[in-house]
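A.B. asks: Would you mind keeping the following structure in view while I ask a few things?
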Amino acid sequence: ILNVEQSPQSLHVQEGDSTNFTCSFPSSNFYALHWYRWETAKSPEALFVMTLNGDEKKKGRISATLNTKEGYSYLYIKGSQPEDSATYLCASSGGYQKVTFGTGTKLQVIP
Amino acid sequence: EAQVTQNPRYLITVTGKKLTVTCSQNMNHEYMSWYRQDPGLGLRQIYYSMNVEVTDKGDVPEGYKVSRKEKRNFPLILESPSPNQTSLYFCASSMAANYGYTFGSGTRLTVV
Chain A
1493 ILNVEQSPQS
1503 LHVQEGDSTN
1513 FTCSFPSSNF
1523 YALHWYRWET
1533 AKSPEALFVM
1543 TLNGDEKKKG
1553 RISATLNTKE
1563 GYSYLYIKGS
1573 QPEDSATYLC
1583 ASSGGYQKVT
1593 FGTGTKLQVI
1603 P
Chain B
4 EAQVTQNPRY
14 LITVTGKKLT
24 VTCSQNMNHE
34 YMSWYRQDPG
44 LGLRQIYYSM
54 NVEVTDKGDV
64 PEGYKVSRKE
74 KRNFPLILES
84 PSPNQTSLYF
94 CASSMAANYG
104 YTFGSGTRLT
114 VV
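Chains as they are written, first to last, in my numbering: chain A, 1493 to 1603; chain B, 4 to 115.
This is the structure in C-alpha cells:
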C-alpha cells in the first residue's frame, strides 16, 4: 500500500448503532498513526495518535486500535449519536517527515 | 487560548498577483505544516517545518514558498497564483511527531 486508504468512503447509521471504519497505511518507515474528527465548516480535531503495534486508545464512546505489522487501524464508535456525524480522517507519518492523510470516512448518524 | 490563527479566512485574487497567507501559533510548537484540501483528494501536504529555519517539501510544493524565521509564524507565499491553486488551505502545528496536530480555521482561496 503506497497511500493511506480509508473505508468505507461514507456511512449512514441509525442512532444507537455501533460502527467502525478502517485505515490502511504503508507499514514500512512507520512512526505514527493519527485519527481526526472533522465537522462540516470546522477544522479537523485530533482524536488519537498511536505509535506502537497493538496500541489501543479510547475517548468516551470512541476507540481505536493499531496494527503496524499489517498496516491497518480501526476506529470504533459505540452507540452512535447525531453529534458523531462528521468526517473521520486518518494520517500516517514517518516521524517528522511527510504526513499522508486518507480521504476520510463521512459518517452520518440518523436520529 | 491555545490556537493556530490563519489569515485571511477567505480570499479572491487574480492570476499572477502575489499573496501571503499568514499562520501563527501560540503553543510554542516546533512542528508546523501547510495542507490543501481539494474534493476527493483529501488533505495534501504542501510544506512542513521542523523548527526555525528548517523547512522541507511535502507532496505538492510546486507554486508555493514558505519561511520559518520565528517559531510561532509559518507564512505560505504564492508568488504567482494560478487557478489550479484554488483550494481550501489549512495550517497545522504540533509539539512533536507523536502528538496530534492543531489545525487553523482554514483559508478558502479562489484564483480567477
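Glycine included, C-beta positions come from ideal geometry on N, C-alpha and C.
Could you please tell me which residues of the region 93-110 of chain B, in chain order, have their CB closer than 7 angstroms to any CB of chain A?
C.D. replies: Phe93, Ala100, Asn101, Tyr102, Gly103, Tyr104, Phe106, Gly107, Ser108, Gly109
A.B. asks: Taking only the alpha-carbon atoms, compute the straight-line gap between serine 1519/A and glycine 1563/A and give it to the nearest angstrom.
C.D. replies: Numbered from 1 along the first sequence, position 27 holds the residue referred to as residue 1519/A. Numbered from 1 along the first sequence, position 71 holds the residue referred to as residue 1563/A. Their Cα atoms are separated by approximately 5 angstroms.
A.B. asks: Using the Cα positions of leucine 112/B and glutamine 40/B, report the straight-line distance between them to the nearest angstrom.
C.D. replies: Here the question's residue 112/B lines up with position 109 in the second sequence. Here the question's residue 40/B lines up with position 37 in the second sequence. The alpha-carbon atoms of leucine 112/B and glutamine 40/B are separated by roughly 11 angstroms.
A.B. asks: What in chain A is Cβ-close to aspartate 62/B, meaning under 8 angstroms?
C.D. replies: Locating residue 62/B in the second sequence gives position 59, counting from the first residue. Correct list: Lys1590, Thr1592.
A.B. asks: Can you grab the Cα-Cα spacing for the pair leucine 14/B / serine 83/B, in whole Å?
C.D. replies: Here residue 14/B refers to the residue found at position 11 of the second sequence. Here residue 83/B refers to the residue found at position 80 of the second sequence. Taking the straight line from one Cα to the other gives about 15 angstroms.
A.B. asks: Going along chain B in order, which residues have a C-beta closer than 8 angstroms to the C-beta of histidine 1526/A?
C.D. replies: Here residue 1526/A refers to the residue found at position 34 of the first sequence. Those within 8 angstroms of histidine 1526/A in chain B are Gly103, Tyr104.
A.B. asks: By Cβ distance below 7 angstroms, which residues in the same chain neighbour asparagine 29/B in space, the five residues on each side in sequence not counted?
C.D. replies: Against the second sequence, residue 29/B aligns to sequence position 26. So the qualifying residues of the chain are Ala5, Gln6, Arg75.
A.B. asks: Helix or strand or just coil, what does DSSP make of asparagine 76/B?
C.D. replies: Taking the second sequence and counting its residues from 1, the one referred to as residue 76/B is at position 73. Strand.
A.B. asks: Take every Cβ of the region 1568-1578 of chain A, pair it with every Cβ of the region 1510-1518 of chain A, and state whether three or more of those distances are shorter than 8 angstroms.
C.D. replies: Between the region 1568-1578 of chain A and the region 1510-1518 of chain A, the count of Cβ pairs shorter than 8 angstroms is three or higher; the stretches touch.
A.B. asks: Mind listing which residues of the region 26-56 of chain B have their C-beta closer than 8 angstroms to chain A's C-betas, in chain order?
C.D. replies: Tyr34, Ser36, Tyr38, Gly43, Leu44, Gly45, Leu46, Arg47, Gln48, Tyr51, Met53
A.B. asks: Report yes or no: is there a C-beta of chain B within less than 8 angstroms of the C-beta of isoleucine 1493/A?
C.D. replies: The residue given as residue 1493/A occupies position 1 in the first sequence. In this predicted model, isoleucine 1493/A has a pLDDT of only 48, less than 50, meaning its place in the structure is not dependable; the value taken from the coordinates is given anyway. Output row for isoleucine 1493/A: interface = no.
A.B. asks: Output yes or no for whether 8 angstroms exceeds the beta carbon distance between alanine 100/B and alanine 1538/A.
C.D. replies: The count along the second sequence starts at 1 and reaches residue 100/B at position 97. The count along the first sequence starts at 1 and reaches residue 1538/A at position 46. It is not a contact, given that the beta carbons lie outside the stated cut-off.
A.B. asks: Between Ile49/B, Tyr34/B, Gly103/B, Ser97/B, which lies nearest to isoleucine 80/B when the distance is taken from Cα to Cα?
C.D. replies: In the second sequence, the residue the question calls residue 80/B occupies position 77. The shortest Cα separation from isoleucine 80/B among Ile49/B, Tyr34/B, Gly103/B, Ser97/B belongs to Ile49/B.
A.B. asks: For a contact defined as C-beta to C-beta under 7 angstroms, what are the partners of alanine 1538/A on chain B?
C.D. replies: Taking the first sequence and counting its residues from 1, the one referred to as residue 1538/A is at position 46. Correct list: Gly103, Tyr104.
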